[in-house]
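Reading through the structure tokens given below for one structure.
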RNA sequence: UGGGGGCUCGUCUAAUGGUAGGACAGCGGACUCUGACUCCGUAUGUAGAGGUUCGAAUCCUUUGCCCCCAGCCA
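In our numbering, the protein residues as written are 7 to 569.
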């Protein structure tokens, strides 16, 4: 892709520079390093796209490496889900499925080397004491009283930590760097802690000491031969430490480069917060269609093409940013417009009776499956005397610029006939409209007027007698504010949650051709949006999710241009 | 007020000393058997102040604002 000219972002520029200077002998190797402690979200998808994308652009390879150094939080359930999502996004790590835990033995050996170099020591301070000794942002830390133990004593203690002689929290192995460093990460960071967890998902009960991220990550990169270790901005301050371990160990030294993580407006993007949405019941689960998780987006109806295109448009940079979620929605519409089969569905039905249409007659009309794709062909839809149209498409007293059905007005029923509203029947008590009566022009069959007369509007419909009942779930943004962290003093981000983000419409009507729709199938319901079949569907009741609405300049106009 | 990063249309992102461009969002219009799609048009931006230079988003000085770091999380 960039073979001929300029790189498209600063990381690719750095990779090209390294290729030109032969820093890695022209080799490009990256890795995607998730911790298997939760589900992937679209922020991870950005990292995946960068890691795999750059490797691909420069004829390199990208591995999958699980950063499984904390067994108290990790589980196989997550590794399986993560692998599924990466593949679903269309990326492939071939046989390179690695685990930081694969390197526990090697990492332990490395630690021994550092102890022998007097670059690491066992500290008996408690967690609280270590925190206290660490100092603050503006004051230097103090050295631990255990900092100058002999090599032999450190070796002995570390070995016994490994053997399980000591309880959790009683001792740690720390790097001996600089307690006065302005970079707090360099103030003798912890390398190993004792964790007598029941079992690690890969190594079982073999270990009761586990390496910290900072100690494990760079060395894992080195062992694998990674050239470019790409990560997010918050690791920038960790880079000196990343480099320090590699330099002290005198082993192969990859280059860490940091980029800004993805944020989306009207949602949150951290596992810690997403898990709260799940646990506190704001959503139904990790795969709730409102969630920015890959599981959620997929259930919502997002395609891999739309997500990958979105990620390409977002780009890669170091600016903290919040991407407008409208861009994601645009990418979905853009993809689905080309591929989604059109159907007719009425979400909020109101009955229309064509008074001059023969009782009992069922007409078959042709409907185009996808105007963007002539290959998609056409289908038959059934027209009868009684129909349903959308409540929104009728108005007894129309506002200005309202082109749809109202008393005396003629509209076209999509692929059907021109109809003119003649009267309405209301509930005498509530005033609610029960039926709309119309007449049709038999010469407009299929939707074309022989005499060339025009109507301002075409509306969708289904037969009242030949249609399917279905449930449709409408989704709105999860949060009320673009930035959920815009808060009043003392408020939690959950205060900004949009409690109306889910609307269930239980009594929708669908054209009969939808009968065979299966979970995951995606359609455009004409004039409404894109919808997919939710796995909650049963033999007797289809359930659809609205993935995204169609753009609707009328509603903008009608609402006075708000929103 | 220690250390590390970052400030370009509303939101993202290009331009690497030489015409500030693109996308999304917005607005206006054309087209239309989806008020969709498509097409056309249009407004809005280099954080501030100095300096270097024929020429500065880009280089220098300085000010301001924003983000990250004080887990035995990653």
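Using N, Cα and C, we set each Cβ at its ideal position, and we do this for glycine too.
Assuming residue i and residue j make a contact with CB atoms under 8 angstroms, what is their CB distance in whole Å?
i           : j           : result
residue 443 : residue 431 : 7 angstroms
residue 516 : residue 474 : 4 angstroms
residue 177 : residue 200 : 7 angstroms
residue 95  : residue 296 : Actually they do not touch by this definition, with Cβ atoms about 20 angstroms apart.
residue 376 : residue 348 : 6 angstroms
residue 351 : residue 531 : 4 angstroms
residue 91  : residue 244 : Residue 91 to residue 244, Cβ: 26 angstroms. No contact.
residue 338 : residue 312 : 4 angstroms
residue 109 : residue 229 : 6 angstroms
residue 283 : residue 299 : Not confirmed; about 10 angstroms, so no contact.
For residue i, name the three-state secondary structure that DSSP assigns.
i           : result
residue 132 : coil
residue 276 : coil
residue 467 : strand
residue 356 : strand
residue 71  : strand
residue 570 : Look at the range of the chain in this structure, 7 to 569, and you will see that residue 570 is not part of it.
residue 58  : helix
residue 210 : strand
residue 104 : strand
residue 394 : strand
residue 387 : strand
residue 449 : helix
residue 401 : coil
residue 192 : helix
residue 17  : helix
residue 435 : coil
residue 234 : strand
residue 9   : Confidence at residue 9 is low in this model, with a pLDDT of 34, below 50, so its placement is unreliable and no value can be given for it.
residue 227 : helix
residue 187 : coil
Using a threshold of 9 angstroms, state whether the C-beta atoms of residue i and residue j are closer than that.
i           : j           : result
residue 219 : residue 73  : yes
residue 158 : residue 120 : no
residue 71  : residue 105 : yes
residue 539 : residue 335 : no
residue 213 : residue 223 : no
residue 447 : residue 423 : yes
residue 150 : residue 131 : yes
residue 5   : residue 247 : The requested residue 5 is not part of the displayed model; the chain covers only 7 to 569.
residue 322 : residue 17  : yes
residue 43  : residue 79  : yes
residue 483 : residue 272 : yes
residue 604 : residue 356 : The requested residue 604 is not part of the displayed model; the chain covers only 7 to 569.
residue 535 : residue 552 : yes
Within its chain, find whatever has a CB closer than 6 angstroms to the CB of residue i; leave out the 5 residues flanking it on each side and keep chain order.
i           : result
residue 221 : 197
residue 87  : 45
residue 148 : 139
residue 387 : 371, 373 and 517
So is residue i buried or exposed if we call it buried at 16+ other beta carbons inside 10 Å?
i           : result
residue 235 : buried
residue 26  : exposed
residue 367 : exposed
residue 513 : exposed
residue 263 : buried
residue 107 : buried
residue 416 : buried
residue 40  : buried
residue 51  : buried
residue 277 : buried
residue 503 : buried
residue 227 : buried
residue 294 : buried
residue 225 : buried
residue 389 : buried
residue 9   : For residue 9, the predicted model reports a pLDDT of 34, less than 50, meaning its position is unreliable and no value from the coordinates is stated.
residue 66  : buried
residue 391 : buried
Shorter than 8 angstroms, the distance from the beta carbon of residue i to the closest heavy atom of the ligand ZN, or not?
i           : result
residue 438 : Of ligands this structure carries none, so the ligand ZN is not represented either.
Using C-beta distances below 7 angstroms, list every residue in its chain close to residue i, excluding the 5 sequence neighbours before and after it, in chain order.
i           : result
residue 419 : 425, 465 and 467
residue 327 : 266 and 269
residue 433 : 440
residue 485 : 272, 273, 502, 503 and 504
residue 203 : 77 and 78
Cutting at 8 angstroms between CB atoms, please list the residues of its own chain near residue i, excluding the five before and the five after it.
i           : result
residue 487 : 272 and 502
residue 184 : 192, 193 and 194
residue 476 : 351, 514, 515, 516, 520, 547, 548, 549 and 550
residue 133 : 175
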